[in-house]
Amino acid sequence: TDAASNAALTNDEISKRFYFGGLFGLPWLWIVHSLHWHGKQNDDVPPPDNDRDLEIARMEHMWVKRCQNSAIMATAAWIIW
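Numbering-wise, the working numbering puts 49 at position 51 of the sequence shown, and it's gapless, one number per residue.
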């Protein structure tokens, strides 16, 4: 991939990549991504004003929740082991 295509990634695509990165043996990415996302939500950002931005925000939230749930399960499995 080149720099121009990486710059055009939307937040939901980045969240999806973090999730799949965690599946490929880097589960700490789930924790880092969840913490970053929650910090970003505390910023004063206006809500999405069109349907496309709203859909991207909804999909990003879905991937972050998957990261959170997977991080909890991986951490629990590691502690039990």
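Every residue gets a Cβ at the ideal spot worked out from N, C-alpha and C, and that includes glycine. Note that this is a predicted model, so its numbers are computed, not measured.
Evaluate H36 with the Cβ neighbour count: other Cβ atoms within 10 Å of its Cβ, from every protein chain shown; 16 or more gives buried, anything less gives exposed. Looking at its Cβ environment, which holds fewer than 16 other Cβ atoms inside 10 Å, H36 is exposed.
Could you give the DSSP three-state label for G20: helix, strand or coil? Here G20 sits in helix by DSSP.
Best match in K38, M57, I54, L27 for proximity to S68 [C-alpha to C-alpha]: Distance from the Cα of S68 is smallest, within the candidate group K38, M57, I54, L27, for L27.
Would you kindly report the start and end of the unbroken alpha helix (DSSP H) that includes N67? Unbroken alpha helix (DSSP H) run through N67: 49 to 78.
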